[in-house]
Amino acid sequence: MSDNPLQAICSTIGRISVSLHTNISKLISITQKPHTGTNVQFSVSVPAPPTATSSMLAADSSLFQPTEKQVGPVTREQLGRATWTFIHTLGAQYPEKPTRQQKKDVKELMAIISRIYPCKECADHFKEVLRSNPIQAGSQAEFSQWLCRVHNVVNRSLGKPTFPCERVDARWGKLDCEHRVCDLQGSMTLFGSQTD
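The letter at position 115 of the sequence shown is residue 115 when you use our numbering, and the numbering goes up by one with no holes.
Structure (structure tokens):
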């Protein structure tokens, strides 16, 4: 790795630029049929950035490509899976000894999700689940286990199988990041004052 941290940022921006160029070029090169009834081909060529290389293009051409063929809006099931993935990953990264601010933040996050979740029926159900199962966020283990139990409440209501909570760490373990760069750190000060 280079000693200049800006070089890595510039390299990443270059790869994103190449990917954007490729995808925009594909989009713009689509045959257009005007309303006049005559067939006219509309094609625009956008020059590649001077730093683009074929190896960069090959490595990053899928940066903005969906991993599945998505036709239409996201389904309720897809949204639910994505939300649970996020929440369980947050639980896995949650500190063993959270600050008061981190406990407050995670409780507020759950409340916010129950208020603004894109599926009103799901949001209302989650509010009920939270009322019946107060958030437990005193440690990483406690929060992860609480999430598992709450997820199982939702699964039961949907007629889905439940997950054995003793295996939650095997399924939703900590992200594999070097030097603990993925650990949830939270702010230690807020406008110059201590938060915990």
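Here a beta-carbon is modelled for each residue, glycine too, at the ideal position from N, C-alpha and C.
Quick check on DSSP: helix, strand or coil for residue i?
i    : result
Q136 : coil
E96  : coil
C148 : helix
Q102 : helix
T36  : For T36, the predicted model reports a pLDDT of 44, less than 50, meaning its position is unreliable and no value from the coordinates is stated.
Q78  : helix
V153 : helix
L130 : helix
M1   : Because the pLDDT at M1 is just 46, under 50, the model does not fix this residue reliably, and the point stays unresolved.
L158 : coil
D176 : coil
F163 : coil
C119 : coil
G91  : helix
Roughly how many whole angstroms lie between the Cα atoms of residue i and residue j?
i    : j    : result
L79  : F143 : 22 Å
R131 : L109 : 15 Å
I135 : F86  : 17 Å
W146 : A111 : 15 Å
F64  : V168 : Below a pLDDT of 50, predicted positions are generally treated as unreliable, and F64, at 42, falls in that range; no measurement from the model is reported.
C165 : V71  : 34 Å
A123 : K160 : 18 Å
Q121 : Q101 : First, the residue type needs correcting, since residue 121 is Glu and not Gln in the sequence shown. About 30 Å.
Using C-beta distances below 6 Å, list every residue in its chain close to residue i, excluding the 5 sequence neighbours before and after it, in chain order.
i    : result
N133 : V150
P47  : At P47 the pLDDT is 42, less than 50, meaning the model places this residue with poor confidence and gives no usable figure here.
K103 : A137
L27  : In this prediction, L27 has a pLDDT of 42, which is less than 50 and means its spatial position is unreliable; what the coordinates show is noted afterwards. Here the set comprises nothing.
S139 : E96
Which stretch, first to last residue, makes up the alpha helix (DSSP H) that contains residue i?
i    : result
R171 : 168-171
Looking only at its chain, what residues have a beta carbon closer than 8 Å to the beta carbon of residue i, apart from the 5 residues adjacent to it on each side?
i    : result
W84  : H151
F163 : C148, H151, N152, N155, R171
V106 : L90, Y94, P98, I135, A137, F143
Rank the options by C-alpha distance to the C-alpha of residue i and give the top, closest one.
i    : options               : result
L158 : G72, Q93, R76, Q70    : R76
A141 : K97, R81, D176        : K97
C119 : P73, H88, L175, D176  : P73
G273 : A92, A123, R100, P161 : Absent from the model: residue 273. The displayed extent of the chain is 1 to 196, so no value can be given.
L175 : R100, H88, R81        : H88
Leaving aside the five residues before and after residue i along the sequence, list all residues of the same chain whose C-beta is less than 7 Å from its C-beta, in chain order.
i    : result
F126 : I113, S114, Y117
E178 : none
At least one CB of chain D closer than 7 Å to the CB of residue i: is that the case?
i    : result
N155 : As a matter of chain content, chain D is missing from the structure shown, which is built from one protein chain.
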